[in-house]
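For reference, the structure is listed below as structure tokens.
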Amino acid sequence: MRLRYKEHKGKEMEMEIKLIVTDLDGTLLTKKDEVHPDNIRALRRCQERGIKVCPVTARNWKEIAPVLEQVSFDEVAALNNGACMVNLATGAVEHQLVFSKENVQGMVETICQLPYTFLSLMGTDYMHVLETSGTISWFSYYDDQERKQMGIRAFSDAGMLVRESVDVQRLTCGIQKQGETSARKALRDMQARYGCRTMFMEEADGDYIEISPVEANKAFAMEQICRHFGIDAQHVLAFGDNENDMDMLRHAGVSVAMGNANREVQQVATMVTSSNKEGGVAAALQSLIF
354 MRLRYKEHKG KEMEMEIKLI VTDLDGTLLT KKDEVHPDNI RALRRCQERG
404 IKVCPVTARN WKEIAPVLEQ VSFDEVAALN NGACMVNLAT GAVEHQLVFS
454 KENVQGMVET ICQLPYTFLS LMGTDYMHVL ETSGTISWFS YYDDQERKQM
504 GIRAFSDAGM LVRESVDVQR LTCGIQKQGE TSARKALRDM QARYGCRTMF
554 MEEADGDYIE ISPVEANKAF AMEQICRHFG IDAQHVLAFG DNENDMDMLR
604 HAGVSVAMGN ANREVQQVAT MVTSSNKEGG VAAALQSLIF
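Numbers 354 to 643, taken from the numbering used here, label the letters of the sequence shown in order.
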């Protein structure tokens, strides 16, 4: 499908789109697990025109299950910020990037010295969380059945957390506002010592840190999906809203930042659409393709 469009800087471009890759939270989804109905219809119309559609998300396999019930994606999904690609039909892992057990141990020890609010280790189908004293943990709002469905296990001991977490693909930890300076220094130290990729994420409900294997990012995930379908990156349309989407937005042939994205994210994209709550993905597709 060939499209003609103008960048948000005013330059007119033309491109043939064969693949759409989209972030989920803050992009395709309006709420925790809800896809805007306009987005569902728009993506289906793209697929009817022969365009492949795949998710590239920070979520793991179990976390994307509610989304898969609403959208029929094509063949594969990139999970944990690009550290894993899963076959949607079988659930089989097609590739993954994981930390060594020694590096996980060292990073957890470093984080435990910071004023953190939560710490999570994630694999393909699990989320292991270290409980913190004196704070209400976000996962306490899930009942036992929901925790099982999402692969959530809580640990009170950091050593047990590390021992029980196999093939860790991603770490996240929440940081108290007063600890931001020390957290940023710790990130630089961890990058140098463990060769990991770190990112400081700012959200309305609190700042947090993303830690991934150095090769893992959404641009890498997009390349893996392109290779799977035999499609060149110049024929990819990418959607995203956050800092962890920026590499993907830079490398796609055409990229769209959400209206709810911050200015830095919007500046790296080809164009900007309306917010996730307004069905911004569908609005962009209506403008670009239909």
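Note that the Cβ used here is the ideal one computed from N, Cα and C, for glycine as well.
### Query
Grouping DSSP H, G and I as helix and E and B as strand, with all else coil, what is threonine 488?
Taking the first residue of the sequence shown as position 1, residue 488 is located at position 135. In this prediction, threonine 488 has a pLDDT of 49, which is less than 50 and means its spatial position is unreliable; what the coordinates show is noted afterwards. Threonine 488 falls in the coil class under three-state DSSP.
### Task
Quick one: residues in its chain with C-beta nearer than 7 Å to the C-beta of phenylalanine 452, no 5 flanking neighbours on either side, listed in chain order?
One-based indexing of the sequence shown puts residue 452 at position 99. The residues are Val521, Pro566.
### Query
Does DSSP put isoleucine 393 in a helix, in a strand, or in coil?
Counted from its first residue, the sequence shown places residue 393 at position 40. Residue state, collapsed to three classes: helix.
### Message
Need the endpoints of the alpha helix (DSSP H) that serine 425 sits in, please.
### Response
For the purposes of this step, residue 425 is taken as residue 72 along the sequence shown, with counting starting at 1. It is not in any alpha helix (DSSP H) - serine 425 carries neither H nor E in the DSSP assignment.
### Task
Have a look at Ile370, Cys399, Lys384 and flag the residue whose alpha-carbon is nearest the alpha-carbon of alanine 635.
Counting from 1 along the sequence shown, the entry for residue 635 is found at position 282. Here the closest residue by C-alpha is Cys399.
### Task
Sort Lys405, Gly435, Val420, Lys384 by Cα distance to glutamate 428 and report the nearest one.
On the sequence shown, position 75 is the one that residue 428 refers to. That would be Lys405, whose Cα lies nearest to the Cα of glutamate 428.
### Message
What does the alpha-carbon distance come out to for the pair arginine 541 and glutamate 533?
### Response
Here residue 541 refers to the residue found at position 188 when the sequence shown is read from its first residue. Here residue 533 refers to the residue found at position 180 when the sequence shown is read from its first residue. C-alpha separation (whole angstroms): 13 Å.
### Stretch pair the stretch 611 to 630 + the stretch 431 to 441: three plus CB contacts closer than 8 Å
no
### Task
With DSSP as the reference, label isoleucine 464 as helix, strand or coil.
Start at 1 with the first residue of the sequence shown, and residue 464 comes out as number 111. Reduced to three states, the DSSP call for isoleucine 464 is helix.
### Query
Does DSSP put leucine 483 in a helix, a strand or coil?
Numbered from 1 along the sequence shown, position 130 holds the residue referred to as residue 483. If DSSP states are grouped into helix, strand and coil, leucine 483 belongs with the strands.
### Query
Using DSSP with H/G/I as helix, E/B as strand and the rest coil, what is threonine 405?
Taking the sequence shown and counting its residues from 1, one reaches residue 405 at position 52. Note on identity: in this sequence residue 405 is lysine, with threonine being the wrong assignment. Three-state DSSP puts lysine 405 in a strand.
### Query
methionine 644 to glutamate 568, Cα distance in whole Å?
There is simply no residue 644 to check, as the chain begins at 354 and stops at 643 in what is shown.
### Query
On the three-state DSSP scale, how would you describe tyrosine 469?
Sequence index remark: in the sequence shown, residue 469 carries index 116 (1-based). Note: tyrosine 469 maps to strand in three-state DSSP.
### Message
At 4 residues or longer, what runs of the alpha helix (DSSP H) sit wholly inside the stretch 492 to 547?
### Response
497 to 503, 511 to 517, 533 to 547
### Message
Taking the alpha-carbon of valine 409 as reference, which of His481, Asp598, Glu462 has the nearest alpha-carbon?
### Response
In the sequence shown, counting from the first residue as 1, residue 409 sits at position 56. Ranking His481, Asp598, Glu462 by Cα distance to valine 409 puts Asp598 first.
### Message
leucine 590 and alanine 574 - do their beta-carbons sit closer together than 8 Å?
### Response
Here residue 574 is taken as the residue at index 221 of the sequence shown, counted from 1. Here residue 590 is taken as the residue at index 237 of the sequence shown, counted from 1. No, they are not a contact pair.
### Message
Can you list, in chain order, the residues of its chain with a C-beta nearer than 8 Å to that of methionine 438? Leave out the 5 residues immediately preceding and following it.
### Response
By one-based count along the sequence shown, residue 438 stands at place 85. These residues qualify, in order along the chain: Val429, Ala430, Ala431, Leu432, Val446, Glu447, His448, Gln449, Ala574, Gln577, Ile578, His581.
### Message
Quick check on the burial criterion: 16 or more other C-beta atoms within 10 angstroms. Buried or exposed for glutamate 416?
### Response
Here residue 416 refers to the residue found at position 63 of the sequence shown. Glutamate 416 is buried by the Cβ-count criterion.
#### Entry: Spatial neighbours of leucine 638 in its chain, beta-carbon cut-off 7 Å, leaving aside the 5 residues before and after
Your numbering for residue 638 matches position 285 in the sequence shown. Correct list, in chain order: Ala395, Cys399.
### Query
What does alanine 591 pair with, by DSSP beta-bridge criteria?
Locating residue 591 in the sequence shown gives position 238, counting from the first residue. BP columns for alanine 591 point to Val374, Ser608.
### Query
Touching or not, the stretch 466 to 483 and the stretch 521 to 531, by the rule of three or more beta carbon pairs under 8 Å?
yes
### Query
Do you know offhand how far histidine 481's Cα is from aspartate 497's?
Residue mapping note: residue 481 aligns to position 128 of the sequence shown, counting from 1. Residue mapping note: residue 497 aligns to position 144 of the sequence shown, counting from 1. C-alpha separation (whole angstroms): 14 Å.
#### Entry: For glutamate 369, three-class secondary structure by DSSP
Locating residue 369 in the sequence shown gives position 16, counting from the first residue. Looking at glutamate 369 - three-state DSSP - the assignment turns out to be strand.
#### Entry: Host beta strand (DSSP E) of isoleucine 562 (start-end)
Taking the sequence shown and counting its residues from 1, one reaches residue 562 at position 209. Counting along the chain, the beta strand (DSSP E) containing isoleucine 562 begins and ends at 561 to 566.
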